[in-house]
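Trainee:
Residue numbers (this note's numbering), protein chains in the order written: chain A, -2 to 536; chain B, -2 to 536.
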């Protein structure tokens, strides 16, 4: 990885993110916003000061050849990258690190590890990019003799490309950028850009039903899986490569969203796209938020399928789109590798106008044919700019952790008929919790994905925290948010997964008999119950 | 049902289908085609001549109040509507009729029936419209004390419509026409038109992962389910109504394709569409079949999503599109409720021209706004004409049964890279089997659905049979076809389901560990194993 090293406590590469001066400037701005004297910027715990408990297990030499018990590896694999994870790591609170971190070179080594772990009563936590924000890779080891985090990042190759069917066989441990780098020379792309893109893997996307780049139509990774191979403690499952099938329930759909509880996804045939050439984008402004909501609904129900269809509420628009305040903004984008997209964009803008939307900046249309930047990830014009700022956001979040800001997000999806009530309920509950817990703060909402039958609203929370209490403060706000989401017909997660953090609400959301069926399936695939215990279901 | 009665042995309503004179004309034409002296047209067995074995079970009076043991009901529920089913019924071969047919008024009655059946060791066969062509509703009772077919046709109402989210809560026993009749006054439609439309139900479509009207993009019923309620022997599962979710594996996806083995789908919230207004259609002719295949692939990979994209090979084009022979025909159709579709149609025709396609009849464009026929199912212009002829095809099939023709279809899906080989392999194997078994015959191929990564080819077989041997003749051809499909990377079924007839090939196709997981899930939902035994998996 070109000499860079990942931060063991925060997002991304060591040394990336805002520098000291930039951080102080952010702190000063936030202090002013919240009427505080100032925000103290703390320093993260130092790796050399960590005193991790010694490993409780002693795997055989045949396994330790690809395992590590270094403080760096164990500390870095203790948590995911939720706000509460970063806060705890930042403060050096690492009570339950994995005993070992395994880096198998191939599924054979992973299978050997699973065999040993089942016998030795050791829990195995599959680890892709470690970007979970729901406690998906954190386990306290309760009920087991030890815990091994199995880091799959060595499985990082595109194995085979089928140009005719526009699909590729891809190892599951590949990170987003490395995956796109391998597809680009072929003019192909997976076009799956979750915010975690830089530090998440294909296998992680599949295991968590990741929501992708597209705002409409097929966007969840679910729709792009052609077949997959899963290594379970009881053996390997490989589904048949097919464009579609009606032969019984889809095996793939059981593993999509299984979050490491059934086995380890080792590779998958994925449906690819040609790299887009034509683009059109527009920012539509609305004085009335619910007029904007109605317009968004009308666009997607008209059968238009914009790649980007992100409705920012007034606060979000002011913060991230420079709207100047007082207006909601619908960011629309169409793109195609085959044909100009002025037509659908024109129709979308027309629909918005019928709901009071205006486009003072007009529509931007581009044809990237032969553009010099067509080959690079970083420079793909406005989409690239947006994407780069989007995927760099977690670095800023970490800077705010240092100044004890409570800053995190939550997301859901609901049908359109429920949205006004859900929006009001969440705003009221989270607003009250913020006031009680932080004294002040703000809550913003944007749609990340939009379906004909409902939106996926994504909320961001910012409030000044108390050093040492940030985790409990956030947990209180998050509980209020989750209660409100459930009460008003939303799902506890649209694309962040369930993990351990969402369990209480997931348990209320999912039918009990479904949990029974899932438990039974797990018992047949993972008889010793070693795979990611506590996620989704209890044994 | 307006006084009409369904045929107990064949497709559809009694008295529909070709009359005696039309049948004789078909027979004469076929005799000429196959160089035979003539084809004798037999008469079906008479209901009053059937001598069914007496019911072996005596359900309690509380259940028999909604159960029937009449010869008409038992005979009519003995088989589905595969060729082999119709032949056997036509000849009065009804060795294993269900002991009773239940017609529950509500899920409460169905639940009482399941409770009793689990205790009494009686198998329960969910029966929607009975249109299965894969042995999905036929059971010989082996290992059980009796068999009850549970006919859900009384659950036939649209319960609630959510106009905002464009979705409806629909009882699962509703037939296609009755469903559309209830949605039409609201300007809405499910737009799911499988060939069985007239005699299949929403619950059946869900249980079998039915392939719908659309040739591209979202077309399987899977994509239109927002949530569902399933009555299992161990209780009722109701999933949450959501436009999208990432909360664990999708519960709905376990029941989609479960073919009655896990429980009875009682109702579902379904995603609806506005009724289309703008349409464009074209028939593109190709002298080279594989040029036509390449054009079809290019159209769908360009991100164009025609509603109709059916590639007919030379024989199919001559038979059903009057092409005059020697050319393959790609039937293209675009439609929208919101905007004209000339743009994408123009681009599709342009792509086809690049592959040698010509459109001597040009493109037909229509705007149905305010059209007098917009309200009727039967008269929706060219689409309606095509659909009516499409859904009436099974009546003609039954007429050919009377003249001992071997006439059936099979379908699959494969990735584009495998298609030439699969096409050659199937053509060779089935051609040889037809020659051996029937002496002569023909095989046609069309694409019913097309994905960016592969087509769903649908094959039709016609050959002269020997009276009394038709079933074994067809079984031999079908085995050759299924072997070839599997050997060349296809799925044993794209949208006809697995049932009992496809079991040997499904068992080779699906991973063994997947069958274990499915068995475990079934054991938790149906502990006594009474639900549709032998379909998909053995206990």
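Glycine included, each C-beta is placed from N, C-alpha and C at the ideal position.
Within 8 Å (strictly less), CB to CB, does residue 528 of chain B reach chain A?
Mentor: Output row for residue 528 of chain B: interface = no.
Trainee: Are any of the Cβ atoms in chain A nearer than 8 Å to that of residue 508 of chain B?
Mentor: Interface residue, yes.
Trainee: Less than 8 Å between CB atoms is the rule here; does residue 422 of chain B satisfy it with respect to chain A?
Mentor: No, residue 422 of chain B lies away from the interface with chain A (no Cβ there is under 8 Å from its Cβ).
Trainee: Within 8 Å of any Cβ in chain A, is that where the Cβ of residue 239 of chain B sits?
Mentor: Output row for residue 239 of chain B: interface = yes.
Trainee: Taking the continuous alpha helix (DSSP H) assigned at residue 349 of chain B, which residues delimit it?
Mentor: Segment 339 to 350, the alpha helix (DSSP H) holding residue 349 of chain B.
Trainee: To the nearest angstrom, report how far apart residue 129 of chain A and residue 231 of chain A are at their CA atoms.
Mentor: Each residue's Cα considered, the two are about 26 Å apart.
Trainee: Looking only at DSSP bridge pairs, what is residue 45 of chain B linked to?
Mentor: Answer is none; residue 45 of chain B lacks a bridge partner.
Trainee: Does the pairing of the stretch 232 to 241 of chain B with the stretch 188 to 199 of chain A give three or more beta-carbon distances under 8 Å?
Mentor: Judged by Cβ distances under 8 Å, the stretch 232 to 241 of chain B makes no contact with the stretch 188 to 199 of chain A, as fewer than three pairs qualify.
Trainee: Does the CB of residue 278 of chain B have a neighbour CB from chain A at under 8 Å?
Mentor: It does not; no Cβ of chain A falls within 8 Å.
Trainee: Which of helix, strand or coil does DSSP assign to residue 210 of chain A?
Mentor: Of the three classes helix, strand and coil, the one that applies to residue 210 of chain A here is coil, per DSSP.
Trainee: Can you tell me whether residue 287 of chain A is buried or exposed? The criterion is at least 16 other CB atoms within 10 Å of its CB, across all chains shown.
Mentor: Residue 287 of chain A should be labelled exposed.
Trainee: Classify residue 19 of chain B as buried or exposed, calling it buried when 16 or more other Cβ atoms lie within 10 Å of its own Cβ.
Mentor: Classification for residue 19 of chain B: exposed.
Trainee: Could you spell out the range, first to last residue, of the beta strand (DSSP E) harbouring residue 361 of chain B?
Mentor: Start and end: 360 to 364.
Trainee: Scan the stretch 456 to 511 of chain B and note each continuous alpha helix (DSSP H) run of 4 residues or more that stays entirely inside, going in chain order.
Mentor: Runs found: 467 to 484 and 500 to 506.
Trainee: Roughly how many whole angstroms lie between the Cα atoms of residue 422 of chain A and residue 509 of chain A?
Mentor: Roughly 26 Å separates the two Cα atoms.
Trainee: Hey, out of B:164, B:77 and B:254, whose CA is closest to residue 205 of chain B's CA?
Mentor: When only C-alpha atoms are compared, the closest one is B:254.
Trainee: When you compare the CB positions of residue 534 of chain A and residue 516 of chain A, do they come within less than 8 Å of one another, or not?
Mentor: A contact, by the Cβ cut-off of 8 Å.
Trainee: By the 10 Å Cβ neighbour count, where 16 or more other Cβ atoms means buried, how is residue 380 of chain A classified, buried or exposed?
Mentor: Confidence at residue 380 of chain A is low in this model, with a pLDDT of 47, below 50, so its placement is unreliable and no value can be given for it.
Trainee: Using a Cβ-Cβ cut-off of 8 Å, state whether residue 129 of chain A counts as contacting chain B.
Mentor: Chain B, which has no Cβ nearer than 8 Å to the Cβ of residue 129 of chain A, makes this no.
Trainee: From the beta carbon of residue 264 of chain B, is the nearest beta carbon of chain A less than 8 Å away?
Mentor: Taking Cβ atoms only, chain A never reaches closer than 8 Å to residue 264 of chain B, which makes this a no.
Trainee: Taking contact to mean at least 3 C-beta pairs separated by less than 8 Å, is the stretch 324 to 332 of chain B in contact with the stretch 245 to 254 of chain B?
Mentor: Because the criterion of three Cβ pairs below 8 Å is not met, the stretch 324 to 332 of chain B and the stretch 245 to 254 of chain B do not touch.
Trainee: Enumerate in chain order the residues of its own chain whose CB-to-CB distance from residue 372 of chain B is below 8 Å, with the five nearest sequence positions on each side excluded.
Mentor: Unreliable placement is indicated for residue 372 of chain B, whose pLDDT of 37 sits below 50; the coordinate value is still reported in the next sentence. Only 181 meet the Cβ criterion.
Trainee: With distances taken from CA atoms, which of A:105, A:125 and A:97 is nearest residue 119 of chain A?
Mentor: Measuring from the Cα of residue 119 of chain A, the nearest candidate turns out to be A:97.
Trainee: Along the chain, where does the beta strand (DSSP E) that runs through residue 149 of chain B open and close?
Mentor: Careful: residue 149 of chain B lies outside any beta strand (DSSP E) and carries neither H nor E.
Trainee: Report, in whole angstroms, the separation of the C-beta atoms of residue 115 of chain B and residue 527 of chain B, which I expect to be a contact under 8 Å.
Mentor: At roughly 6 Å, the Cβ-Cβ gap stays under 8 Å, so residue 115 of chain B and residue 527 of chain B are in contact.
Trainee: Check whether chain B comes within 8 Å of residue 10 of chain A, counting only Cβ atoms and requiring the distance to be less than that.
Mentor: For residue 10 of chain A, the answer is no, since every Cβ of chain B falls outside 8 Å of its Cβ.
Trainee: In three-state terms, what does DSSP make of residue 110 of chain B?
Mentor: Helix at residue 110 of chain B.
Trainee: Could you work out which residues of chain A lie near residue 234 of chain B, taking near to mean beta carbons separated by less than 9 Å?
Mentor: Per Cβ cutoff of 9 Å: 508, 509, 510, 511 and 514.
Trainee: Sort out for me which residues DSSP pairs residue 564 of chain B with in a bridge.
Mentor: No information on residue 564 of chain B is available, as it lies outside the stretch -2 to 536 that chain B covers here.
Trainee: Who are the neighbours of residue 442 of chain B on chain A, taking C-beta pairs under 9 Å?
Mentor: Chain A residues near residue 442 of chain B: none, gap ~16 Å exceeds 9 Å.
Trainee: In angstroms, rounded to a whole number, what distance separates the CA positions of residue 374 of chain A and residue 350 of chain B?
Mentor: Note that residue 374 of chain A scores 40 on pLDDT, short of 50, meaning its location in the model is unreliable; the coordinates nonetheless yield the value given after this. So the alpha carbons of these two residues sit roughly 34 Å apart.
Trainee: Looking at residue 292 of chain B: is its Cβ nearer than 8 Å to the Cβ of residue 210 of chain B?
Mentor: Their beta carbons are not under 8 Å apart, which means residue 292 of chain B does not touch residue 210 of chain B by this criterion.
Trainee: Indicate whether at least one CB of chain B lies closer than 8 Å to the CB of residue 272 of chain A.
Mentor: Chain B contact via Cβ: absent.
Trainee: Drop a sphere of 10 angstroms on the beta-carbon of residue 491 of chain A, count the other beta-carbons inside from all chains shown, and report buried for 16 or more, exposed for fewer.
Mentor: So residue 491 of chain A counts as buried.
Trainee: Rounded to whole angstroms, what's the CA-CA distance from residue 44 of chain B to residue 259 of chain B? Just pull it up for me.
Mentor: Straight-line Cα distance between these residues: approximately 33 Å.
Trainee: Starting from residue 411 of chain A, find everything on chain B with Cβ-Cβ shorter than 8 Å and list it in chain order.
Mentor: What residue 411 of chain A touches in chain B: 239 and 240.
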